[in-house]
Structures are given as C-alpha cells and as structure tokens.
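See structure below.
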Amino acid sequence: MDKDMYILGIETSCDETAASIVKNGHEIVSNVVASQIQSQQRFGGVVPEIASRHHVEQITLVIEEALAVADLEPSDLDAVAVTEGPGLVGALLIGINAAKAFAFANGLPIIGVHHIAGHIYANQLMQPMEFPLLALIVSGGHTELVLMEKHGAFKLIGETRDDAAGEAYDKVARVLGLPYPGGPHIDKLALESDEAVDFPRAWLEPDSYDFSFSGLKSAVINYKHNLEQKGEEVVPAHVAAGFQQSVVEVLTEKTLRAAKEYGVKQVIAAGGVAANKGLRASLDEVFEKEGIPFYVPPISLCTDNAAMIAAAGTSMFESGKRSTMEMNGRPGMELASWNSENK
Amino acid sequence: MIWLGIDTANTPLSVAIVKDGAILAEVNSSMAVNHSLRAMPVIEELFATVQLQPKDIDAIAVSEGPGSYTGVRIGVTIAKTLAWTLKKPLFGVSTLKVLAANAFYFDGLICPIVDARRNNVYAGVYEFANGGLTAIAEDGHFAIENLMDVLASKERPVLFVGKDVAMHEELIKERIRENAVIAPFPIQLPRASSLVFIAQQDGQEENTHAFTPEYRRIAEAEANWLMQQRKDKGRE
Ligand SMILES: [Zn+2]
Chain Z
1 MDKDMYILGI
11 ETSCDETAAS
21 IVKNGHEIVS
31 NVVASQIQSQ
41 QRFGGVVPEI
51 ASRHHVEQIT
61 LVIEEALAVA
71 DLEPSDLDAV
81 AVTEGPGLVG
91 ALLIGINAAK
101 AFAFANGLPI
111 IGVHHIAGHI
121 YANQLMQPME
131 FPLLALIVSG
141 GHTELVLMEK
151 HGAFKLIGET
161 RDDAAGEAYD
171 KVARVLGLPY
181 PGGPHIDKLA
191 LESDEAVDFP
201 RAWLEPDSYD
211 FSFSGLKSAV
221 INYKHNLEQK
231 GEEVVPAHVA
241 AGFQQSVVEV
251 LTEKTLRAAK
261 EYGVKQVIAA
271 GGVAANKGLR
281 ASLDEVFEKE
291 GIPFYVPPIS
301 LCTDNAAMIA
311 AAGTSMFESG
321 KRSTMEMNGR
331 PGMELASWNS
341 ENK
Chain V
344 MIWLGIDTAN
354 TPLSVAIVKD
364 GAILAEVNSS
374 MAVNHSLRAM
384 PVIEELFATV
394 QLQPKDIDAI
404 AVSEGPGSYT
414 GVRIGVTIAK
424 TLAWTLKKPL
434 FGVSTLKVLA
444 ANAFYFDGLI
454 CPIVDARRNN
464 VYAGVYEFAN
474 GGLTAIAEDG
484 HFAIENLMDV
494 LASKERPVLF
504 VGKDVAMHEE
514 LIKERIRENA
524 VIAPFPIQLP
534 RASSLVFIAQ
544 QDGQEENTHA
554 FTPEYRRIAE
564 AEANWLMQQR
574 KDKGRE
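Residue numbers (the working numbering), protein chains in the order written: chain Z, 1 to 343; chain V, 344 to 579.
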C-alpha cells in the first residue's frame with residue numbers, strides 16, 4: 001500500500017454513540033464510545049426515544065474526539081462509514097445524518113455498513129481473517145452462524161428461530177431479579193456456582209445449524225414457579241449456571257460441527273455475548289482440541305463500537321462500494337455480500 | 344453573509360440559502376417522505392443550484408422544534424454536524440415562530456399550530472410589532488380545548504397558521520367564532536428563509552455540541568419513571 005487509508009466509522013444503532021478512525025482497515029487510531037447505560041438502567045432496558053435523544057447530545061462530541069485522539073483533520077480521511085442497519089430506526093438516523101452532513105461538508109464518500117458485518121470485522125482489528133472462515137455472532141439481537149469464503153462474502157448457515165441469545169440472557173436475568181444488562185451478571189453467577197440446575201438443550205433437527213432459546217427461557221420460568229409453589233428456595237446462582245450451560249453447550253456444539261463440515265481455517269466469535277467468559281472458555285477448549293484457530297476480540301470490540309464499522313467499511317470501500325446522500329436507516333437490514341460469493 | 348436554513352421539524356421540508364438579505368434559492372415541499380431520505384439530497388442540490396461550496400456559508404439556522412421527535416432530530420443533527428465541522432455559528436429557531444412569520448403584518452394574535460395527536464397540539468401565541476414577532480405566550484404542548492379557552496378570552500382576532508390547522512378547524516370556528524382567521528394555503532408551510540430571517544433578528548447563537556431539540560415534552564418512559572419516583576417518595 002503506497003498511501004495509508006483512514007476511514008472514519010460512526011455507530012448509533014442502539015444505545016452507544018460511537019466514532020472511530022481505523023488505518024488501512026486493521027489498525028485502530030482512535031475508538032470513542034459514549035455509553036448511555038447509566039441513563040437506560042432506570043428503565044430496565046433500552047428505550048428507543050431516550051436512546052435517540054442521547055445520540056443527538058453526543059454525536060458531534062464523539063466524532064470530534066475521534067479526530068482529536070487520532071490527531072487527524074477531516075481532510076486526512078478517505079471515507080466515512082456508518083451503520084445503516086439493523087437497529088433502532090430513530091437511533092440509526094442520528095448516525096446516518098451526521099455521517100452524511102460530515103461527508104458532504106468535507107467532500108468525502110460515504111459507505112453504509114451492516115452492523116453484523118461490523119461485529120465480524122472487529123476480528124480484522126486483532127489478526128488478519130483467513131478463509132474459509134466461520135463466524136458465530138451472538139448479541140442481544142442476533143444469534144447466527146455465518147460462513148465466509150472471502151472478504152465481503154457472507155453465507156448464513158444458521159440463525160435463531162425465536163429469541164436471540166442475548167435476549168434470552170436479559171429475560172432470564174429479569175426472572176432472577178438481576179439488574180440490567182443481565183448477561184454479565186448471569187455469567188458471573190454461573191462461574192461462581194458449584195451446582196447447576198439441569199435445563200433442556202434445544203438441538204432442533206440433527207443437521208440444523210439453527211438455534212432456539214425460547215423453550216429454555218420458559219423452562220427457567222417454570223422451574224422457578226414450581227419451586228415457589230412448593231415453598232422451596234430458588235438459588236439464583238444454580239439457575240444461572242444451568243441456563244448458561246445449556247446455552248453454551250448448544251452454541252459450542254453447533255459451531256464445532258459447522259467448522260468441521262465446512263473445513264474452515266478460522267473460527268471467530270462476535271457480538272456482545274461473545275464477551276461471555278463461560279462461552280469463550282468452552283469455544284477455546286473445543287477448538288484447541290480440534291486444532292482450528294479460534295479468536296474472540298477483546299470485550300471493548302465485542303460490544304458495540306465504531307472501529308468495527310470502520311473496519312468493515314474499509315473492506316467495502318476497497319471493493320468500490322459507495323452509498324448516496326439518500327441513505328436511510330434500515331432497521332431490518334439483511335446481511336448482504338459486497339463481494340460475489342462465487343470464488 | 345451567506346446563511347443556510349433547514350426545517351425538517353414536521354412533514355414539510357424547507358431548505359434555503361440566503362445571501363446578504365436576499366434569497367438565493369429555497370426548496371419547499373410537503374410530502375410524506377422520510378426526511379432522512381430527502382433532507383441531505385435537497386441540501387446538496389441547493390448548493391449546486393447556487394454554485395456554492397459548503398465552506399462558503401457563514402452561518403446555519405435550524406428549526407429546533409417542537410414537532411415530530413424524529414423529524415426535528417434529523418434537521419438538528421445535520422445542522423449541528425455542518426456547523427461543527429465547518430466551524431460556523433449555529434442558530435436554533437422555534438418551529439412555531441417560523442410558521443408565525445408567515446403571518447407578518449397581521450393585526451391581531453398569530454397562533455401557529457402543529458398537531459401532537461390525541462387532541463393535543465404544539466402551539467405558540469405571537470404578535471407582530473416593530474418589524475418582528477413577539478411571543479405572547481411560551482411555545483408549549485397543550486390540550487386543544489385549553490388553548491381555545493385562552494385564545495377566546497383574549498377577544499381579539501386570531502390567525503391560525505400551519506398545515507395541521509385544518510384538522511382542528513371545526514373546533515376553532517366553534518370556539519373563536521368571528522375572531523378566527525384561517526391562513527390560506529400559500530402561507531401554511533414553514534419557510535427556511537423565514538427561519539434565517541428570525542435567526543438574524545434574534546441573534547441567539549447556540550453552543551453547537553450541546554445543542555439539542557426543544558421537544559417541549561419529556562419522553563414517555565422518562566415521565567413514567569419520574570411519576571414512579573414520586574410515588575415511591577410519597578410512600579416513604
Ligand atoms: Zn451489536
């Protein structure tokens with residue numbers, strides 16, 4: 001590469017207002033995240049209207065800081081990448097309109113990025129991606145297995161038929177009376193527990209890579225209800241451990257089976273739930289045994305951030321992808337390839 | 344001085360470029376099209392029409408609400424991002440005052456209205472005096488019935504302006520009677536050139552980073568939360 005390439009990433013799809021500058025698609029020069037978690041905790045979840053209000057307050061501040069930390073001027077940038085979807089539509093619109101206005105003012109091209117492509121490309125910031133690659137995406141809104149034959153080519157081989165893994169975590173946490181967001185609390189309780197309640201595993205059809213978590217969630221609710229009926233004590237740590245074991249076992253087994261079937265060279269995990277210690281440990285163990293390289297980005301790159309959007313945006317930019325000033329928020333956007341899937 | 348004015352607070356979209364007290368170009372529309380889709384393309388087209396670059400402008404004025412939460416946020420986000428990155432001053436103007444400016448020279452009260460659903464409106468009460476508009480009452484969120492009571496008690500002619508006036512025309516005529524004047528269609532839409540004019544008159548420069556819409560209502564979740572806090576306090 002003769003000249004360094006700098007892409008500004010902007011992400012506002014949920015409750016983090018984020019901006020980042022990534023050099024040559026893999027080197028983070030700045031990564032700024034303004035979290036709303038303290039404000040949203042009052043409501044026990046993300047309230048879309050509140051999220052949008054916070055984004056308007058933070059958006060220019062985070063972009064300014066991303067430039068300041070990187071010690072770059074807008075004229076040093078090559079393009080602006082922004083999350084186009086999926087996500088909360090009102091929240092997406094803040095990042096998109098800020099990105100469009102910034103790109104217009106500074107004469108820069110703009111690229112709309114799929115949020116999940118971003119989560120996958122967070123790995124590119126740690127080590128080069130090697131293909132074929134299998135990505136397990138687990139977050140509050142997603143549970144997917146995606147096969148990649150090369151950069152920008154995505155093949156969905158499995159997905160959840162009901163709740164996302166992160167959603168199940170949040171719901172079970174609420175049942176156990178744990179604070180929002182529930183995932184990290186369950187993970188912590190589960191790791192500390194010496195005993196685990198035996199909950200069912202949803203394997204679905206033998207050859208399926210799909211997931212289902214709503215039955216497990218119901219099983220937890222029924223278990224608690226039954227004990228309470230009998231006047232017996234519910235030990236949250238035992239429930240958390242049993243729930244987590246069921247989720248982790250299904251995610252691990254299906255990911256391993258897919259990795260072997262498709263003969264992949266690399267397995268990566270992405271998304272907020274990829275930060276779960278129990279899941280990481282389980283995947284680490286099986287893939288080490290199998291001899292397939294397995295990677296999870298550090299927690300700051302698993303949760304929503306803009307560096308991942310800039311990283312995916314760089315790959316799109318190099319493939320000649322550009323968006324127009326008509327870009328709109330796409331709350332239900334599908335993950336589409338920007339590189340032809342045929343080799 | 345070259346000014347850019349942007350109003351996306353409600354269904355209508357208006358963008359204007361004003362140079363030294365004259366309109367160079369203005370685009371007005373009132374289509375049910377998402378502002379996120381149209382606002383930036385219209386701004387881009389307008390700059391091309393007047394053959395100017397973004398950096399050529401000296402100030403930006405934006406409609407700050409009240410209105411559609413999402414609509415106001417789109418205009419405010421675009422305006423504050425442009426103002427910050429171009430290092431130009433930013434001016435926020437009441438959406439309602441912009442509408443009231445359509446009724447300059449009216450002898451009486453001017454009541455701009457934006458529908459807020461469930462028999463509620465965002466409204467203001469203005470008067471034209473000394474070449475400008477004076478607010479008689481603060482812009483706010485009102486039950487339409489209560490607003491009519493206040494206006495009827497003034498016993499003065501009231502001009503109602505805004506495209507949502509039509510939704511409440513029957514009640515207005517019933518309550519304000521012969522003092523009610525309904526603005527004709529050519530002056531029902533907000534104009535970004537008026538927005539620039541008011542920004543120049545009022546001269547209230549904003550802190551760009553901190554600038555946020557004037558929602559005139561707290562979010563529903565926040566209202567419920569506050570109510571719960573008060574209840575809990577009462578119980579203690
Ligand atoms: Zn995410």
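Glycine included, each C-beta is placed from N, C-alpha and C at the ideal position.
In this structure, the beta-carbon distance from residue 562/V to residue 53/Z falls below 8 Å. Here DSSP, grouped into helix, strand and coil, assigns residue 454/V to strand.
For residue 266/Z, the three-state secondary structure derived from DSSP is strand. In this structure the segment 247-257 of chain Z touches the segment 133-152 of chain Z; the number of beta carbon pairs closer than 8 Å is three or more.
The DSSP-derived three-state label of residue 223/Z is helix.
Inter-residue distance for residue 448/V and residue 391/V is about 34 Å (C-alpha atoms, whole angstroms).
Taking all protein chains in view, the Cβ of residue 225/Z is surrounded by fewer than 16 other Cβ atoms within 10 Å, so the residue is classified as exposed.
Looking only at 518/V, 457/V and 353/V, the smallest Cα-Cα distance to residue 373/V is reached by 353/V. Contacts with chain Z at 8 Å (Cβ-Cβ) include residue 565/V. Nearest CB-CB separation between residue 397/V and chain Z: below the 8 Å threshold. A Cβ-Cβ separation of about 22 Å leaves residue 116/Z out of contact with residue 100/Z under the 8 Å criterion.
Between residue 395/V and residue 543/V, the alpha-carbon positions lie close to 21 Å from each other. In the DSSP assignment, residue 482/V falls within the beta strand (DSSP E) that extends over 475-486. Across the structure, residue 359/V and residue 438/V are spaced so that their CA atoms are roughly 15 Å apart. Sorting 238/Z, 181/Z and 221/Z by C-alpha distance to the C-alpha of residue 197/Z places 238/Z at the top.
Residue 155/Z has 147/Z as its beta-bridge partners, per DSSP. With a contact defined as Cβ atoms closer than 8 Å, residue 332/Z and residue 96/Z miss out at about 15 Å. Per DSSP, reduced to three states, the secondary structure at residue 340/Z is coil, with no helix or strand assignment. Here residue 350/V really is in contact with residue 533/V; their C-beta atoms are around 5 Å apart, less than 8 Å. Residue contact with chain Z for residue 455/V: absent (no Cβ-Cβ distance below 8 Å to any residue of chain Z).
Taking 8 Å as the cut-off, the beta carbon of residue 36/Z is found closer than this to the beta carbon of residue 51/Z. With respect to the 8 Å criterion, residue 300/Z and residue 151/Z are not classified as neighbours on the basis of their beta carbons. Taking 4 residues as the minimum length, the alpha helix (DSSP H) runs contained wholly in the segment 277-337 of chain Z are 277-290, 299-302 and 307-318, in order along the chain. Residue 510/V has its alpha-carbon roughly 51 Å from the corresponding atom of residue 22/Z. Taking a beta-carbon distance threshold of 8 Å, residue 406/V does not count as an interface residue toward chain Z. Close to ligand 1, as judged by a C-beta nearer than 5 Å to any of its heavy atoms, are the residues 139/Z and 304/Z, in chain order.
Around the Cβ of residue 221/Z, a 10 Å sphere holds fewer than 16 other Cβ atoms; the residue is exposed. Using a CB distance cut-off of 8 Å, residue 500/V does not count as an interface residue toward chain Z. Proximity of residue 7/Z to chain V, defined by a Cβ-Cβ separation below 8 Å, is not satisfied. The beta carbon of residue 127/Z sits closer than 8 Å to the beta carbons of 295 from its chain, once the five residues preceding and following it are set aside; these are given in chain order. Around the beta carbon of residue 344/V, fewer than 16 other beta carbons sit within 10 angstroms, so the residue counts as exposed. Under the Cβ criterion of 8 Å, residue 425/V is counted among the residues facing chain Z. Per DSSP, residue 185/Z has no beta-bridge partner at all.
Where residue 440/V is concerned, the enclosing alpha helix (DSSP H) starts and stops at 438-443. At a C-beta separation below 9 Å, residue 377/V has these neighbours in chain Z: 93, 328 and 329.
The three-state secondary structure of residue 32/Z, taken from DSSP, is strand.
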